[in-house]
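Okay, structure first, notes after.
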Ligand code: CUA
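Numbering (our numbering), first residue to last: 50 to 408.
In structure tokens form, the structure reads like this:
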């Protein structure tokens with residue numbers, strides 16, 4: 050193959066890579082569009098390193114091309130050109146310049162490395178949130194407010210959020226690219242991390258550590274709201290929710306018989322949150338932005354459809370999750386993978402989708 054043919058064949062490959070890599074910015078799973086001071090500082094570090102690297106590349110490329118052209122073999126030239134060995138001036142120049150360039154990168158990098166590792170766990174102005182990674186979902190516990198939720202992390206804008214990162218099983222990694230870099234959730238220890246959101250909005254969160262079958266589906270959403278709205282949300286998480294239809298109260302009966310061992314809900318009779326802690330907390334479930342973190346509730350009525358899809362076959366939606374298999378459910382009719390009949394699913398959907406804040 051001639052060289053130009055080889056180069057020509059590389060063109061479609063390069064074009065495809067440009068296309069795929071630029072696709073990384075879709076759906077705000079990007080570090081290039083910062084929405085808070087932490088992410089801004091980190092982007093600045095990326096840009097300053099990039100600027101230095103591009104500068105070095107340009108200078109080296111220009112010298113390279115110049116030397117290639119200027120000292121090329123001329124027609125009629127014979128023998129080896131005059132050999133040059135050792136040049137103190139040049140050697141000093143190409144030692145000092147990289148040293149200075151590394152210094153330029155090192156100063157802000159070291160400064161921000163310490164600054165971004167600051168521990169806000171004792172700061173009374175910071176919101177303390179314990180984040181527990183589970184296979185394959187996220188638990189968020191507002192430590193001082195005594196509120197627990199899953200998959201939707203609601204935070205106030207303009208306030209430092211101190212995250213206490215933990216894990217219930219294996220290593221996970223907590224990552225909200227538009228708000229800042231990732232940090233690991235390791236079993237048996239607490240890693241401190243902090244983020245700040247400048248403006249209200251919904252930001253994409255993801256697990257960034259291979260943690261099992263559904264690692265790629267371990268998504269969550271961060272909803273940044275104004276401080277007032279955040280206070281209302283906290284209050285709504287403690288407010289009673291009425292069950293207002295026959296179908297919903299049938300669902301409530303099923304829930305209290307089968308699901309409550311693992312999932313918690315608000316009980317209007319006891320006026321408190323009741324239920325297990327090993328699975329996602331379902332208080333105000335009808336308000337959530339997703340079902341299982343990945344089935345998006347774009348419109349309010351999507352909650353019901355998505356819940357139906359999920360309850361029909363949780364293993365189909367998120368393989369390897371810990372919802373019980375039909376053989377684990379006593380007296381299972383095997384109509385669905387959870388051992389629930391379609392009618393039972395409808396009742397459960399009605400009950401859970403009806404769990405909404407009264408705002
Ligand atoms: Cu959890 Cu990947």
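By construction, the Cβ of each residue, glycine as well, lies at the ideal position given by its N, Cα and C atoms.
Checklist entry - Mind checking whether residue 77 and residue 83 have CB atoms under 8 Å apart? => result no
Checklist entry - For residue 113, is the classification buried or exposed, using 16 other Cβ atoms within 10 angstroms of its Cβ as the cut-off for buried? => result exposed
Next on the checklist: Please report the distance separating the alpha-carbon of residue 121 from that of residue 53.
Outcome noted: 21 Å
Checklist entry - Name the DSSP bridge partner or partners of residue 321? => result 316
Item to check | Contact test: residue 212 Cβ vs the ligand CUA heavy atom, cutoff 7 Å | outcome: no
Checklist entry - With a Cβ-Cβ cutoff of 8 Å, do residue 268 and residue 250 count as a contact? => result no
Checklist entry - Going by DSSP, which residues form a beta bridge with residue 185? => result BP columns for residue 185 are empty, so no partner.
Next on the checklist: Judging by CA-CA distance, which residue of 229, 191, 116 and 240 is the nearest neighbour of residue 252?
Outcome noted: 229
Checklist entry - Excluding five sequence neighbours on each side, which residues of the same chain lie with their C-beta closer than 7 Å to the C-beta of residue 405? => result 290, 333, 335 and 336
Checklist entry - For residue 134, which three-state DSSP category applies? => result coil
Checklist entry - Thinking C-beta only, is residue 314 closer than 8 Å to residue 331? => result yes
Next on the checklist: Output needed for residue 211: all residues of its chain with C-beta closer than 6 Å, excluding positions within five of it in sequence on either side, in chain order.
Outcome noted: 169, 170, 175, 177 and 243
Checklist entry - Where does residue 424 sit, in a helix, a strand or coil, going by DSSP? => result The structure shown does not extend to residue 424, since the chain is modelled only from 50 to 408, so the question has no answer here.
Item to check | Touch test, the stretch 105-119 against the stretch 178-190, Cβ-Cβ under 8 Å, three pairs minimum | outcome: By the Cβ criterion, the stretch 105-119 is not in contact with the stretch 178-190, since fewer than three pairs of Cβ atoms, one from each stretch, lie closer than 8 Å.
Checklist entry - Measuring from the CB of residue 256, is there a heavy atom of the ligand CUA at a distance below 7 Å? => result True, at least one ligand heavy atom lies under 7 Å from that Cβ.
Checklist entry - Between which two residues does the alpha helix (DSSP H) containing residue 279 stretch? => result Here the alpha helix (DSSP H) through residue 279 covers 276-285.
Next on the checklist: Given this structure, state the Cα-to-Cα distance separating residue 213 from residue 354, to the nearest angstrom.
Outcome noted: Between the alpha carbons of residue 213 and residue 354 lies a gap of roughly 34 Å.
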